[in-house]
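Chains as they are written, first to last, in the working numbering: chain A, 4 to 230; chain W, 4 to 230; chain B, 4 to 230; chain D, 4 to 230; chain U, 4 to 230; chain F, 4 to 230. All C-beta atoms, glycine included, are put in the ideal place defined by N, C-alpha and C. This report refers to the structure that appears directly beneath it.
6 protein chains.
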Amino acid sequence: MSTVYTNPPRIAAEIVAGYAGLGVATVHEAQGRTGLMQPYMRPVYAGARAAGTAVTVSLAPADNWMLHVAVEQCQPGDIVVAAPTSLSDAGYFGELLATSLAARGVRGLVLEGGCRDIAELTRMGFPVWSRAISAQGTVKGTIGSVNVPLVCAGQLVHPGDLILADDDGIVVVARERAAPVLAASRAREAKEAANRARFERGALGLDLYGMREALAQKGLTYKPYGG
Amino acid sequence: MSTVYTNPPRIAAEIVAGYAGLGVATVHEAQGRTGLMQPYMRPVYAGARAAGTAVTVSLAPADNWMLHVAVEQCQPGDIVVAAPTSLSDAGYFGELLATSLAARGVRGLVLEGGCRDIAELTRMGFPVWSRAISAQGTVKGTIGSVNVPLVCAGQLVHPGDLILADDDGIVVVARERAAPVLAASRAREAKEAANRARFERGALGLDLYGMREALAQKGLTYKPYGG
Amino acid sequence: MSTVYTNPPRIAAEIVAGYAGLGVATVHEAQGRTGLMQPYMRPVYAGARAAGTAVTVSLAPADNWMLHVAVEQCQPGDIVVAAPTSLSDAGYFGELLATSLAARGVRGLVLEGGCRDIAELTRMGFPVWSRAISAQGTVKGTIGSVNVPLVCAGQLVHPGDLILADDDGIVVVARERAAPVLAASRAREAKEAANRARFERGALGLDLYGMREALAQKGLTYKPYGG
Amino acid sequence: MSTVYTNPPRIAAEIVAGYAGLGVATVHEAQGRTGLMQPYMRPVYAGARAAGTAVTVSLAPADNWMLHVAVEQCQPGDIVVAAPTSLSDAGYFGELLATSLAARGVRGLVLEGGCRDIAELTRMGFPVWSRAISAQGTVKGTIGSVNVPLVCAGQLVHPGDLILADDDGIVVVARERAAPVLAASRAREAKEAANRARFERGALGLDLYGMREALAQKGLTYKPYGG
Amino acid sequence: MSTVYTNPPRIAAEIVAGYAGLGVATVHEAQGRTGLMQPYMRPVYAGARAAGTAVTVSLAPADNWMLHVAVEQCQPGDIVVAAPTSLSDAGYFGELLATSLAARGVRGLVLEGGCRDIAELTRMGFPVWSRAISAQGTVKGTIGSVNVPLVCAGQLVHPGDLILADDDGIVVVARERAAPVLAASRAREAKEAANRARFERGALGLDLYGMREALAQKGLTYKPYGG
Amino acid sequence: MSTVYTNPPRIAAEIVAGYAGLGVATVHEAQGRTGLMQPYMRPVYAGARAAGTAVTVSLAPADNWMLHVAVEQCQPGDIVVAAPTSLSDAGYFGELLATSLAARGVRGLVLEGGCRDIAELTRMGFPVWSRAISAQGTVKGTIGSVNVPLVCAGQLVHPGDLILADDDGIVVVARERAAPVLAASRAREAKEAANRARFERGALGLDLYGMREALAQKGLTYKPYGG
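This is the structure we're talking about:
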């Protein structure tokens, strides 16, 4: 049952490029508040950002063998998404694997496990989002699969899905929805830019979003403090 | 029962200004080791600092409606303190609300929940202390209250209380004690500055604080290692 | 039973110096994946690094008295390793104690508890690895011991052991093994440097480590995606 | 600032008795979803239940001295509510203190800390709700206060408040609201009893609560699976 | 996008019945160590057990409206599997909903959230596996979906999948694999029964599983203690 | 470096028997508040109790091979203490291994990892204390050691040490101290029995322990409530 699926579908580079300037929170909203991984996934350095296409890796717990297998399946623009079949926060990934992935043009790693060599990854600028930081080594004893659908940090990921990750977290966009979600995200961002300008000039969300009537209907009352 | 109290009391600006150069640990000590929020509250970027007067917001879980309501009640020098009635680490707050608060002169947010748009908040220099970082959106369906006493991260906060927050955490000083606690904090800091100079020159706390006798009375003994 | 052992053994300065350029993950691997403290121990600022000889401090919970006692036992090149007899994440350590330790040439602190004055420690460049950040003060009421063997974050530490800490965590090397583990670590690093160069040029771990046959024997198969 | 306040107000015994048959969830709902302590507070044995009037105890961390002081202030029908000024999960309470409290007619303990002697407490039927179970002893070195307002597990508790605790958690009812909240809780329970009977006969909440129209207005649609 | 899918496929009753006597650990092993939900899911009372067919419910956080909607879609033999779109440990489920589900022959609930009315559920014998126990109420303001594929506690669940839950946790078996996994589980159990009898008579796993040679090859050595 | 040490020292059966009636909290106090494992170790069923001599097992993470090896080294009266070299909460232990250990007269297991087959272990009355409950299987791929000193849940354990475990947790008594700690524990228990009788008759700890003067010296004051 352990299989490496080769040549998974990918998203057109110009669509992926469109996501590069968007935030995870914006895309998550734009696709109906779906696709967000659990917040325990954190970047290993502040300011990390990546957008790319998922190559998925199903690992045995505390065993990083399949990460080595997965490297060969990667192309420029990919993001590796890896999860063990049961949780273990050992350090599955470090500088050497990062060097290897970077050499193939991979843009980052999303790992439901532990990561090590944080100082080196920071220097290299190879972004990793992980559940933990740990120097604990793993073994190479049990095989798994590459490019199978898997659940990572609470989200189902298929090979070829769009992955966007930044300081806020990680959002998954299904491959077939990558184009419409990009359009919806840009529309949302344009609207937010307009609102941001209004907020900077002192407008209130109460007025901008027309909330006052709904609040009054819910029964919200105003009283002077201490009155 | 959902009420917005307007015009809560505030602390004189010169007193708040006095806190600007003090550390949370110093003030916490100076007021008898009280008022410290739980340590799970962390700044969303390193080096965050804020001192101001509390505007409090009681939220429904995973619902940020009342943050929009609270903006209108804020003045320059305020810090918003918000907590849901039951814990949920969704992302209640992001860049747009921060822009709106910053436009009114608000100095920061203390939020017992999740925060998003970390990269933008870092760029803006708008400091937030939160329980979690999460891009997960919230709804606007249930009302709450503004400027009521509430418990946030284990501390009771009244509107108008002094809030001081830095990399170490968040301390609450009751409004009526803001002046004497400031004096006590400065006295403590002066003493610490004197001690710091002595420590830099190699003095020992054992001597500086006169601990040797008390330790001996407790029964502490010295022996050569391996002897 | 509370004793301060004076003049514990130390490791030769040139051996400690050898560790200064090595990573925790490398040393942990080089000594057979032993000696790593639990990953809940984190540096209080990014980029922290230290190598030194352990002075150990056994504390009462929420009581930092023995840290003051320990300062006097420290020499240049030491790292203080402190753990309470039961866990409490109060803030045992801050700027003044750091100033005192730095004045004696101590290189850092490993503390299974809470740390405060993070902004000042960052400015000073005095590295601390701790379980928590907390401004909560501690008392000085119960004595403990200095330079006894103790368990810190899951590892047994003897006075005089080698402590190496960086962004990845903390590894303990028994004093008597400090020289051979240094040699093994350097050998490992040399090998990794060679491999790194190969990875940068696009070599695959599958080939470099000769994994293909073992994977096939385990039953790993390759199939075209969607085929 | 450490004070024992004697003879706090109490709630009439017949009102407290009225709460004995009610559940925490019911009372929490009946008072507008307020007053519930954080869910990390758990009974030390299944089936624990208690209703009574709060005697509050503010403890130093890992120090149970004030629990001994509090015993003298207790009367039959009281429940002791104790919280340290900073969190520590040491074992503040065990069989001997339970024997002493039981001898005075105290009905239980709510403790934001650790509890020990679980087997004995189970045998005695003395219910405790705590954050942790731990055999770790505490010291008697720092004083605190009895019968001051305090925050326990996220809720403000005044001496004399009504405390109701069961397998679901702990709810606090302000003393002055104890009578009306009892009436509201009973009304709620009567309504729930009527609904329970309808549910047992197969009625649907969709019909009983008239939800179908609101769901349709929100846009809920029904489709055959796989259709 | 909120839809209730009616009449999802179900598994033949005789196959579900076959799972009733099996343990979660056995079935998990028998299907290749897949399908196990995260271990933070715990039964609300000891000794809980259930086997049935999944009806899935996607909830808004801290909102239990869709549980009411789901009841109507249930048949005897079903198990409801419910997860919010972002985590919140409020109390989504209690006695009244349990009464309603029990009246329709539902065998249990798997809920990635909080559960209340534990004493009543225990008395009723209606088993629930949840992330938390909490009396905190939820709202009915946002719709979701019924009988869509969802991720619950780290596992993808489709409507009609086999759910088996006991004191050890919860395992999901895809509907189309329910029959062969049942056969494999029974075979495994028969083998374990035979081994159990041998272990009771004192046989060693070392001999029964023929491990001695492999251990020696790995380099395991035996030495007298202290020798 | 993987070695099985055979025939470790054991404690005389009559001394171990003496611990059978004592509580973990009592023994922990009697040996100076040392030796207590971390409170995250919990019995898998309520009322579990065991006293015995440690056989230690150092495991690879998520690998239970060495537990099979350890069985052969056990004698009646032993308790197995097992910890992985890095944390993983997979299910290392279940019914079959319990049957095998029980057949050799082993009294229980202390496991810094996950345990499965809880229902069966409860029925058998084979007590296990573990960090987690998980049905997740482990592999048999990496060897470790038996009867080496190891750190389990924060305590150093040598083969032959006395292990006492109950609902409160687990305490380790060094083999050479087993006799004097037993005597001290019995003395403490006798004293507690006398005090318990006094508490039952209504005596106060304030008087029994003569605390009133020390409290007054610390500055504790008494005031009427609201006065």
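Query - Residues within the segment 152–180 of chain B neighbouring chain F, beta-carbon criterion of under 7 Å - result: Answer set for the segment 152–180 of chain B: V154, G157, Q158, L159.
Query raised in the report: Which residues bound the beta strand (DSSP E) around K226/W?
Result: Here residue 226/W refers to the residue found at position 223 when the second sequence is read from its first residue. 224–227 is the extent of the beta strand (DSSP E) around K226/W.
Requested in this report: Would you mind working out which of E32/B, Y8/B, P64/B, M4/B sits nearest Q139/A, comparing C-alpha positions?
Outcome: On the first sequence, residue 139/A is found 136 positions in, with the first residue counted as 1. Comparing Cα positions, the closest option is E32/B.
Query raised in the report: For R119/A, which of helix, strand or coil comes out of DSSP?
Result: Residue 119/A sits at position 116 when you count from the first residue of the first sequence. Of the three classes helix, strand and coil, the one that applies to R119/A here is coil, per DSSP.
Requested in this report: Out of G116/D, P12/D, Q78/D, A101/D, state which residue places its alpha-carbon closest to the alpha-carbon of D92/D.
Outcome: Numbered from its first residue, the fourth sequence carries residue 92/D at position 89. The residue with the shortest Cα to Cα distance from D92/D is G116/D.
Report task. Would you kindly report the start and end of the unbroken beta strand (DSSP E) that includes S133/F? Result -> By one-based count along the sixth sequence, residue 133/F stands at place 130. S133/F -> beta strand (DSSP E) spans 131–136.
Query - the segment 150–163 of chain B / the segment 11–21 of chain B touching (three or more Cβ pairs under 8 Å) - result: yes
Query - Distance, D171/D Cα to G55/U Cα - result: To locate residue 55/U, count along the fifth sequence from 1; it is residue 52. To locate residue 171/D, count along the fourth sequence from 1; it is residue 168. Between G55/U and D171/D, the C-alpha separation is close to 26 Å.
Requested in this report: Examine the Cβ distances between the segment 190–208 of chain D and the segment 80–97 of chain D and report whether three or more of them are shorter than 8 Å.
Outcome: No, the segment 190–208 of chain D is not in contact with the segment 80–97 of chain D.
Report task. For M4/B, return the contacting residues in chain F, with the cut-off set at a CB-CB distance below 9 Å. Result -> Residue 4/B sits at position 1 when you count from the first residue of the third sequence. Simply G35, T37.
Query raised in the report: Apart from the five residues on each side of it in sequence, which residues of its chain come closer than 7 Å, Cβ to Cβ, to V184/A?
Result: Position 181 of the first sequence holds residue 184/A. Excluding five sequence positions before and after V184/A, the CB atoms of its chain that fall closer than 7 Å to its own CB belong to V30, A33, Q34, V176, given in chain order.
Query raised in the report: When the Cα of R191/U is compared with those of A105/U, T6/U, Y22/U, which residue comes out closest?
Result: Residue mapping note: residue 191/U aligns to position 188 of the fifth sequence, counting from 1. Cα-wise, what sits closest to R191/U is Y22/U.
Query - Short CB-CB distance (under 8 Å) between P11/B and chain W - result: As a first step, residue 11/B must be located in the third sequence, where it is residue number 8. Judged by the 8 Å Cβ criterion, P11/B is in contact with chain W.
Query raised in the report: Who are the Cβ neighbours of V47/B in its own chain at under 7 Å, not counting the five residues just before and after it?
Result: Within the third sequence, the letter at position 44 stands for residue 47/B. Around V47/B: C118, I121, L124, V131, S133, I136.
Query - Same chain, Cβ closer than 6 Å to R110/D, five either side skipped, listed in chain order - result: Taking the fourth sequence and counting its residues from 1, one reaches residue 110/D at position 107. Same-chain partners within the cutoff: A53, G55, I82.
Query raised in the report: Roughly how far, in whole angstroms, is the beta-carbon of L153/U from the beta-carbon of T59/U, given that I think they are within contact range, below 8 Å?
Result: Translated into positions along the fifth sequence, residue 153/U becomes position 150. Translated into positions along the fifth sequence, residue 59/U becomes position 56. Contact flag correct, Cβ pair sits at about 5 Å.
Query raised in the report: Which runs of the alpha helix (DSSP H) spanning at least 4 residues fall entirely within the segment 20–79 of chain B, listed in chain order?
Result: If only uninterrupted alpha helix (DSSP H) runs of at least 4 residues are considered, those enclosed by the segment 20–79 of chain B are 27–33, 68–74.
**Report entry** Uninterrupted beta strand (DSSP E) stretches inside the segment 145–172 of chain D (no shorter than 3 residues)
**Finding:** 153–155, 158–160, 165–169
**Report entry** Residue environment, P64/B, which counts as buried when at least 16 other CB atoms sit within 10 Å
**Finding:** One-based indexing of the third sequence puts residue 64/B at position 61. Buried: at least 16 other Cβ atoms inside 10 Å.
Query raised in the report: If we cut at 8 Å on Cβ distances, does L223/A have a partner in chain W?
Result: Stepping through the first sequence from its first residue, residue 223/A is reached at position 220. Taking Cβ atoms only, chain W reaches closer than 8 Å to L223/A, which makes this a yes.
Query raised in the report: Using CA coordinates, which residue listed in D66/B, V149/B, A101/B is at the minimum distance from N198/W?
Result: Position 195 of the second sequence holds residue 198/W. Of the candidates D66/B, V149/B, A101/B, the one whose C-alpha sits nearest the C-alpha of N198/W is A101/B.
Query raised in the report: What residues match up with V175/W in a beta bridge as DSSP calls it?
Result: Working through the second sequence from its first residue, we reach residue 175/W at position 172. Note: V175/W sits in a beta bridge opposite I166/W.
Query raised in the report: So, is the C-beta of S89/W closer than 8 Å to a C-beta in chain D?
Result: For the purposes of this step, residue 89/W is identified with residue 86 of the second sequence, where counting begins at 1. So yes, S89/W belongs to the interface.
Requested in this report: Closer than 8 Å by beta-carbon distance: list the chain D residues that pair up with A65/F, in chain order.
Outcome: As a working mapping, residue 65/F is identified with position 62 in the sixth sequence. By Cβ distance, chain D contributes nothing, its closest Cβ being about 27 Å from A65/F, past 8 Å.
Requested in this report: Answer with buried or exposed for Q220/D, where buried requires no fewer than 16 other C-beta atoms within 10 angstroms of its C-beta.
Outcome: Translated into positions along the fourth sequence, residue 220/D becomes position 217. Exposed, because fewer than 16 other Cβ atoms sit within 10 Å of the Cβ of Q220/D.
Query - From A105/W, V19/W, V149/W, residue whose alpha carbon lies closest to that of L167/W - result: The count along the second sequence starts at 1 and reaches residue 167/W at position 164. That would be V19/W, whose Cα lies nearest to the Cα of L167/W.
Query raised in the report: Among the residues of its own chain, which have a CB less than 6 Å from the CB of Y8/W, if the five just before and after it don't count?
Result: Taking the second sequence and counting its residues from 1, the one referred to as residue 8/W is at position 5. These residues qualify, in order along the chain: N150.
Query raised in the report: In chain G, which residues lie with their C-beta within 8 Å of the C-beta of K226/F?
Result: Absent from the structure: chain G. Protein chains present are A, W, B, D, U and F.
Query raised in the report: CA-CA distance, M44/U and H71/B?
Result: Start at 1 with the first residue of the fifth sequence, and residue 44/U comes out as number 41. Start at 1 with the first residue of the third sequence, and residue 71/B comes out as number 68. Going from the Cα of M44/U to the Cα of H71/B covers about 45 Å.
Report task. Please report the residue range of the alpha helix (DSSP H) in which D210/F lies. Result -> For the purposes of this step, residue 210/F is taken as the residue at position 207 of the sixth sequence. 208–211 is the extent of the alpha helix (DSSP H) around D210/F.
Requested in this report: Count the other CB atoms, across all protein chains shown, that sit within 10 Å of the CB of M69/A; report buried if there are 16 or more and exposed otherwise.
Outcome: Against the first sequence, residue 69/A aligns to sequence position 66. Classification of M69/A: buried, given that the 10 Å Cβ count is 16 or more.
Requested in this report: Give a yes or no on whether 8 Å exceeds the smallest Cβ distance from Q41/D to chain W.
Outcome: Your numbering for residue 41/D matches position 38 in the fourth sequence. For Q41/D, the answer is yes, since a Cβ of chain W falls inside 8 Å of its Cβ.
Requested in this report: Report the rounded CA-to-CA distance for S103/A versus V74/A, giving the unit in angstroms.
Outcome: In the first sequence, counting from the first residue as 1, residue 103/A sits at position 100. In the first sequence, counting from the first residue as 1, residue 74/A sits at position 71. Approximately 7 Å between the Cα atoms of the pair.
Query raised in the report: Under a Cβ-count criterion, where at least 16 other Cβ atoms within 10 Å of its own Cβ denotes burial, should D66/B be classed as buried or exposed?
Result: Here the question's residue 66/B lines up with position 63 in the third sequence. Buried, since its Cβ has 16 or more Cβ neighbours within 10 Å.
Query - Closer than 7 Å at the beta carbon, the chain B residues around R119/A - result: By 1-based counting over the first sequence, the position of residue 119/A is 116. Correct list: A28, D171.
**Report entry** CB-CB length for A105/W against M127/W, believed under 8 Å
**Finding:** Walking along the second sequence from the start, residue 105/W turns up at place 102. Walking along the second sequence from the start, residue 127/W turns up at place 124. A105/W to M127/W, Cβ: 7 Å. Contact.
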